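These notes concern the structure reproduced below.
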């Protein structure tokens with residue numbers, strides 16, 4: 002997985018070097034296109050994977066449990082932060 | 003929303019074409035998508051390196067603004083960690099990987115599916131789409147019970163685009179810049195966290 006870090010870091014270095022070149026403004030749109038292409042490929046690998054297809058409903062329930070867990074934890078932290086720091090300082094109402 | 007729909011349609015098209023066996027063998031080669039993925043990560047890096055908006059937001063709001071993405075990250079990992087106790091088939095690291103998508107379902111599911119297989123990748127896709135929809139549906143409830151930062155933290159990486167309108171509406175326009183800053187920081191942290199968890 003070191004590869005991923007190295008690729009992102011070399012991107013950051015490149016991005017910093019070429020930050021004044023007008024082309025970098027379009028990086029976002031290119032990313033959108035590439036993501037669309039990769040999601041298609043991901044669909045293909047799901048469609049050719051019998052195990053994923055057979056357990057799709059279980060996968061959905063697992064996804065729901067992880068999401069509810071993560072979102073609840075986040076809501077609690079957001080509430081703690083809001084009531085300790087933000088409510089008094091920045092709040093007008 | 004339109005962009006999310008296009009992404010989902012392409013994913014579904016891939017599934018359907020694969021099921022009907024209409025694809026040439028060349029497309030089933032995993033190496034192609036791996037190289038495209040590295041290209042994508044390089045582009046994400048370029049976007050991080052060439053942007054200076056994050057620093058501007060910090061200057062304007064002071065260091066306290068940095069606590070908001072921190073609360074998001076800590077809360078999500080704690081919650082995803084707890085949920086792994088309910089899922090005997092999934093390890094703690096698997097659940098943290100899925101949680102580290104922070105509703106950025108496209109990039110997170112692609113990364114996870116490439117390095118951990120299509121099964122966990124699909125869990126990540128569904129879990130992170132659900133997270134985005136939960137925020138879109140429940141933002142007013144979140145603000146009422148957990149304060150104005152709640153939909154921002156829950157929205158994860160999407161608070162700079164898809165969930166921004168609903169946050170503006172229920173948390174108020176004072177929080178737009180906060181949401182943008184938060185979305186950018188979380189957005190950039192997604193590939194870093196996922197590759198970190200994948201390397202464990």
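Chains as they are written, first to last, in the numbering used here: chain A, 2 to 94; chain B, 3 to 202. Where is the CB? At the ideal position from N, CA and C, for every residue including glycine. Bear in mind that the values here come from a model prediction, so they are computed numbers and not experimental data.
Task: Pair within 8 Å by beta-carbon distance, residue 13 (chain B) and residue 6 (chain A) - done: Stepping through the second chain from its first residue, residue 13 (chain B) is reached at position 11. Stepping through the first chain from its first residue, residue 6 (chain A) is reached at position 5. Contact: no.
TODO: Have a look at B:8, B:83, B:37 and flag the residue whose alpha-carbon is nearest the alpha-carbon of residue 199 (chain B).
DONE: The residue you call residue 199 (chain B) lines up with position 197 of the second chain. If we check each option's Cα against that of residue 199 (chain B), B:83 comes out closest.
Open item on the list: Within 8 Å of any Cβ in chain A, is that where the Cβ of residue 94 (chain B) sits?
Closed with: As a first step, residue 94 (chain B) is located in the second chain; it is residue number 92 there, counting from the start. With 8 Å as the cut-off, residue 94 (chain B) does not count as an interface residue toward chain A.
Task: Local conformation of residue 115 (chain B) per DSSP, three classes - done: The count along the second chain starts at 1 and reaches residue 115 (chain B) at position 113. Here residue 115 (chain B) sits in helix by DSSP.
Open item on the list: Please identify, using Cβ separations under 9 Å, the residues of the region 65-89 of chain A that lie next to chain B, in order along the chain.
Closed with: 65, 66, 67, 68, 69, 70, 71, 72, 73, 74, 75, 76, 77, 78, 79, 80, 81, 82, 83, 84, 86, 87, 88
TODO: Would you kindly report the start and end of the unbroken alpha helix (DSSP H) that includes residue 45 (chain A)?
DONE: Position 44 of the first chain, counted from the first residue, corresponds to residue 45 (chain A). 28-48 is the extent of the alpha helix (DSSP H) around residue 45 (chain A).
Open item on the list: Less than 8 Å between C-beta atoms, sequence neighbours within five positions excluded: which residues of the same chain meet that for residue 92 (chain A)?
Closed with: Stepping through the first chain from its first residue, residue 92 (chain A) is reached at position 91. Reliability fails at residue 92 (chain A), whose pLDDT of 46 lies under 50, so the model's placement of it is uncertain and no value is given.
Open item on the list: Our contact map puts residue 65 (chain A) next to residue 38 (chain B) with C-beta atoms below 8 Å; I'd like the distance itself, whole angstroms only.
Closed with: Residue numbering aside, residue 65 (chain A) sits at position 64 when the first chain is read from its first letter. Residue numbering aside, residue 38 (chain B) sits at position 36 when the second chain is read from its first letter. Their Cβ separation, rounded to whole angstroms, is 30 Å, which puts residue 65 (chain A) and residue 38 (chain B) out of contact at 8 Å.
Open item on the list: Within 8 Å of any Cβ in chain B, is that where the Cβ of residue 91 (chain A) sits?
Closed with: Indexing the first chain from 1 puts residue 91 (chain A) at position 90. Residue placement at residue 91 (chain A) cannot be trusted, given a pLDDT of 47 that sits under 50; the coordinates are not used to answer.
- [ ] Starting from the Cα of residue 1 (chain B), find the closest Cα among B:145, B:119, B:106, B:140 and give me that residue.
- [x] With chain B covering 3 to 202 only, the question about residue 1 (chain B) has no answer from this structure.
- [ ] May I ask you to list, following chain order, the residues of the region 132-150 of chain B that have a beta carbon less than 7 Å from some beta carbon of chain A?
- [x] 132, 133, 136, 144, 148, 149, 150
TODO: Could you list which residues in chain B have their beta carbon closer than 9 Å to that of residue 11 (chain A), in chain order?
DONE: Counting from one through the first chain, the residue named residue 11 (chain A) turns up at place 10. What residue 11 (chain A) touches in chain B: 44, 47.
Open item on the list: Tell me which residue opens and which closes the alpha helix (DSSP H) that residue 52 (chain A) is part of.
Closed with: Stepping through the first chain from its first residue, residue 52 (chain A) is reached at position 51. 51-55 is the span of the alpha helix (DSSP H), which, as asked, contains residue 52 (chain A).
Task: chain A contact residues for residue 161 (chain B), given Cβ-Cβ distances below 8 Å - done: On the second chain, residue 161 (chain B) is found 159 positions in, with the first residue counted as 1. Ordered by position in chain A, no residue passes the 8 Å Cβ test against residue 161 (chain B), which lies about 12 Å from the chain.
Open item on the list: Does residue 40 (chain B) come out as helix, strand or coil in the three-state DSSP assignment?
Closed with: Translated into positions along the second chain, residue 40 (chain B) becomes position 38. Three-state DSSP puts residue 40 (chain B) in a helix.
Open item on the list: Using beta carbons (cut-off 8 Å, strictly below), is residue 30 (chain A) in contact with chain B?
Closed with: As a first step, residue 30 (chain A) must be located in the first chain, where it is residue number 29. With 8 Å as the cut-off, residue 30 (chain A) does not count as an interface residue toward chain B.
Open item on the list: Considering only their Cβ atoms, is the gap separating residue 20 (chain B) from residue 49 (chain A) smaller than 8 Å?
Closed with: Residue 49 (chain A) sits at position 48 when you count from the first residue of the first chain. Residue 20 (chain B) sits at position 18 when you count from the first residue of the second chain. Taking 8 Å as the Cβ cut-off, residue 49 (chain A) and residue 20 (chain B) qualify as a contacting pair.
Open item on the list: Residues in the same chain with beta-carbon distance under 7 Å from residue 155 (chain B), minus the five sequence neighbours each way, listed in chain order, please.
Closed with: By one-based count along the second chain, residue 155 (chain B) stands at place 153. Excluding sequence neighbours, residue 155 (chain B) sits near 70, 73, 74, 77.
Open item on the list: Quick check on the DSSP output: the alpha helix (DSSP H) that includes residue 19 (chain A) runs from which residue to which?
Closed with: Taking the first chain and counting its residues from 1, the one referred to as residue 19 (chain A) is at position 18. For residue 19 (chain A), no alpha helix (DSSP H) segment is defined, and its DSSP state is neither H nor E.
- [ ] Quick one: list the residues of chain A neighbouring residue 15 (chain B), beta-carbon separation under 8 Å, in chain order.
- [x] Within the second chain, numbered from 1, the residue matching residue 15 (chain B) stands at position 13. Counting only Cβ-Cβ distances below 8 Å, residue 15 (chain B) has contacts in chain A at 41, 44, in chain order.
Open item on the list: Measuring alpha carbon to alpha carbon, tell me which residue in B:134, B:191, B:49 is nearest residue 72 (chain A).
Closed with: Start at 1 with the first residue of the first chain, and residue 72 (chain A) comes out as number 71. Among B:134, B:191, B:49, the Cα nearest to that of residue 72 (chain A) belongs to B:134.
Open item on the list: I'd like to know whether the C-beta atoms of residue 79 (chain B) and residue 188 (chain B) end up nearer to each other than 8 Å.
Closed with: Translated into the one-based positions of the second chain, residue 79 (chain B) becomes position 77. Translated into the one-based positions of the second chain, residue 188 (chain B) becomes position 186. No, Cβ-Cβ distance for residue 79 (chain B) and residue 188 (chain B) is not below 8 Å.
- [ ] Anything in the region 66-86 of chain B with a Cβ closer than 9 Å to a Cβ of chain A? List those residues in chain order, please.
- [x] 66, 69, 70, 72, 73, 74, 75, 76, 77, 78, 79, 80, 81, 82, 83, 84, 85, 86
Task: Straight-line gap, residue 2 (chain B) to residue 55 (chain A) (C-alpha atoms, nearest Å) - done: Examination of residue 2 (chain B) is not possible in this model, given that chain B is present from 3 through 202 alone.
TODO: Provide the residue span of the alpha helix (DSSP H) that contains residue 86 (chain B), from first to last.
DONE: In the second chain, the residue the question calls residue 86 (chain B) occupies position 84. Run containing residue 86 (chain B): 69-88, per the alpha helix (DSSP H) assignment.
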